[in-house]
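See structure below.
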Ligand SMILES: [Zn+2]
Ligand SMILES: [Zn+2]
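Numbering (this note's numbering), first residue to last: 519 to 833.
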């Protein structure tokens with residue numbers, strides 16, 4: 519079964535995807551993402567393929583409505599896997615800028631191709647690194663979900679930034695960048711700033727913002743993409759250096775929506791968030807009752823102190 523069901527209390531769509539077939543049997547310790555093992559036939563540099571266990575598919579069926587209060591929709595969309603490198607042991611903190619810049623081009627290519635499908639409203643690019651955030655394979659890879667609607671947090675971001683724009687006639691993130699205290703900043707480049715925002719939800723949360731107002735990743739110039747590659751690696755490297763381990767994180771890209779009939783260019787500012795699931799080397803920051811039930815986060819650390827720790831990790 520694979521369909522969308524609407525929660526009548528919150529209005530949020532839930533993807534019910536229970537047809538998860540078993541992973542093919544491979545020799546012990548074989549990595550299905552290494553060249554020639556399972557997913558990819560030959561050697562590759564970067565690669566994109568359809569997720570073997572997709573939650574959203576382009577040939578989704580129309581679900582039957584059993585009773586009117588239960589709103590359903592087809593699980594239309596796309597779930598893709600993006601390989602960063604064919605090298606099994608190479609991950610973001612140690613990748614060359616050139617390779618990460620190529621990865622950014624691959625992301626742009628996916629945004630362009632999938633946004634041409636008029637029923638796709640949001641393209642969500644992300645990476646889960648580490649078992650703690652559900653990555654079952656160690657080989658560096660990211661994913662994307664192409665949604666037929668705006669997921670709740672995206673909807674919230676659009677509402678907030680649009681309201682701000684309507685009342686102040688400026689972009690909230692452009693204004694936040696201008697006002698950002700130095701103590702929250704990790705690195706300031708020609709085109710980007712990285713920081714532990716004063717409003718961080720997770721203890722080691724970091725953001726990357728382009729200094730220039732752009733709404734889509736695809737709006738960046740080649741020089742900007744090159745610097746973005748350096749900024750992405752820099753954060754991953756700071757985590758690994760500070761914690762002396764392959765530090766788990768969720769990296770999430772936020773471009774503006776597509777195909778909704780609305781224009782986002784004036785107020786939606788492209789950004790990247792890193793949310794590590796840990797509060798220290800041996801302690802998890804769990805999504806407990808307050809976070810899960812009320813969508814309200816409690817950050818048990820001071821973002822300014824964390825920024826200092828991360829700054830000093832590489833200095
Ligand atoms: Zn591998
Ligand atoms: Zn802006």
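For each residue, glycine too, the CB sits at the ideal point set by N, CA and C.
To which residues of the same chain is residue 758 closer than 6 Å at the C-beta, ignoring the five residues directly before and after it?
The count along the chain shown starts at 1 and reaches residue 758 at position 240. Contacts found: 611, 765.
For ligand 2, residues whose Cβ lies under 5 Å from any non-hydrogen atom
Of all residues, those with a beta-carbon under 5 Å from at least one heavy atom of ligand 2 are 689, 691, 692, 731, 787, reported in chain order.
Just the C-alpha distance for residue 623 and residue 586, rounded to the nearest angstrom, thanks.
By one-based count along the chain shown, residue 623 stands at place 105. By one-based count along the chain shown, residue 586 stands at place 68. Cα-Cα distance, rounded: 45 Å.
Measuring from the CB of residue 556, is there a heavy atom of ligand 1 at a distance below 7 Å?
Here residue 556 refers to the residue found at position 38 of the chain shown. At a cut-off of 7 Å, the beta-carbon of residue 556 does not count as near ligand 1: no heavy atom of the ligand is closer than that.
If we require 3 or more residues per run, which beta strand (DSSP E) segments fall completely within the stretch 532-605?
The qualifying runs are 565-568, 590-592, 596-601.
For a quick check, are the C-beta atoms of residue 563 and residue 604 less than 8 Å apart?
If you number the chain shown from 1, residue 563 lands on position 45. If you number the chain shown from 1, residue 604 lands on position 86. For residue 563 and residue 604, yes; Cβs fall inside 8 Å.
Do the stretch 676-683 and the stretch 696-705 meet, that is, are 3 or more Cβ pairs less than 8 Å apart?
No, they do not touch.
Sorted by chain position, which residues of the same chain lie with C-beta nearer than 8 Å to residue 544's C-beta, five sequence neighbours on each side aside?
For the purposes of this step, residue 544 is identified with residue 26 of the chain shown, where counting begins at 1. Setting aside the 5 residues that flank it on each side, residue 544 is surrounded in the same chain by 550, 555, 556, each with a C-beta closer than 8 Å to its C-beta; the list follows chain order.
Any contact between the stretch 661-669 and the stretch 637-647? By contact I mean 3 or more CB pairs, one from each, below 8 Å.
With the cut-off at 8 Å, the stretch 661-669 and the stretch 637-647 touch.
If we ignore side chains and look at the alpha-carbon of each, how far apart do residue 794 and residue 687 end up?
Here residue 794 refers to the residue found at position 276 of the chain shown. Here residue 687 refers to the residue found at position 169 of the chain shown. Here the alpha carbons of residue 687 and residue 794 stand approximately 34 Å from one another.
Straight-line gap, residue 707 to residue 791 (C-alpha atoms, nearest Å):
Here residue 707 refers to the residue found at position 189 when the chain shown is read from its first residue. Here residue 791 refers to the residue found at position 273 when the chain shown is read from its first residue. The straight-line gap separating the alpha-carbon atoms of residue 707 and residue 791 is approximately 17 Å.
Is it the case that the Cβ atoms of residue 598 and residue 637 are separated by a distance below 8 Å?
Working through the chain shown from its first residue, we reach residue 598 at position 80. Working through the chain shown from its first residue, we reach residue 637 at position 119. Against a cut-off of 8 Å, the Cβ pair of residue 637 and residue 598 comes out as no contact.
Beta carbon of residue 597: closer than 7 Å to some heavy atom of ligand 1?
As a working mapping, residue 597 is identified with position 79 in the chain shown. No - ligand 1 has no heavy atom lying nearer than 7 Å to the Cβ of residue 597.
For residue 756 and residue 748, the rounded distance between their alpha carbons
Counting from one through the chain shown, the residue named residue 748 turns up at place 230. Counting from one through the chain shown, the residue named residue 756 turns up at place 238. In a straight line, the C-alpha of residue 748 is about 12 Å away from that of residue 756.
I need the straight-line Cα distance from residue 825 to residue 633, nearest angstrom please.
The sequence position of residue 825 within the chain shown is 307, counting from 1. The sequence position of residue 633 within the chain shown is 115, counting from 1. Near 36 Å, if we compare the C-alpha coordinates of residue 633 and residue 825.
Determine whether the beta carbon atoms of residue 783 and residue 733 lie at a separation below 8 Å.
For the purposes of this step, residue 783 is taken as the residue at position 265 of the chain shown. For the purposes of this step, residue 733 is taken as the residue at position 215 of the chain shown. Yes; because the gap between Cβ atoms is below 8 Å, this pair is in contact.
Hey, is residue 657 close to ligand 1, as in C-beta under 7 Å from one of its heavy atoms?
By one-based count along the chain shown, residue 657 stands at place 139. Yes; taking the cut-off as 7 Å, the Cβ of residue 657 has a heavy atom of ligand 1 nearer than that.
Is residue 623 helix, strand or coil when you go by DSSP?
For the purposes of this step, residue 623 is identified with residue 105 of the chain shown, where counting begins at 1. DSSP, read as helix, strand or coil, puts residue 623 in helix.
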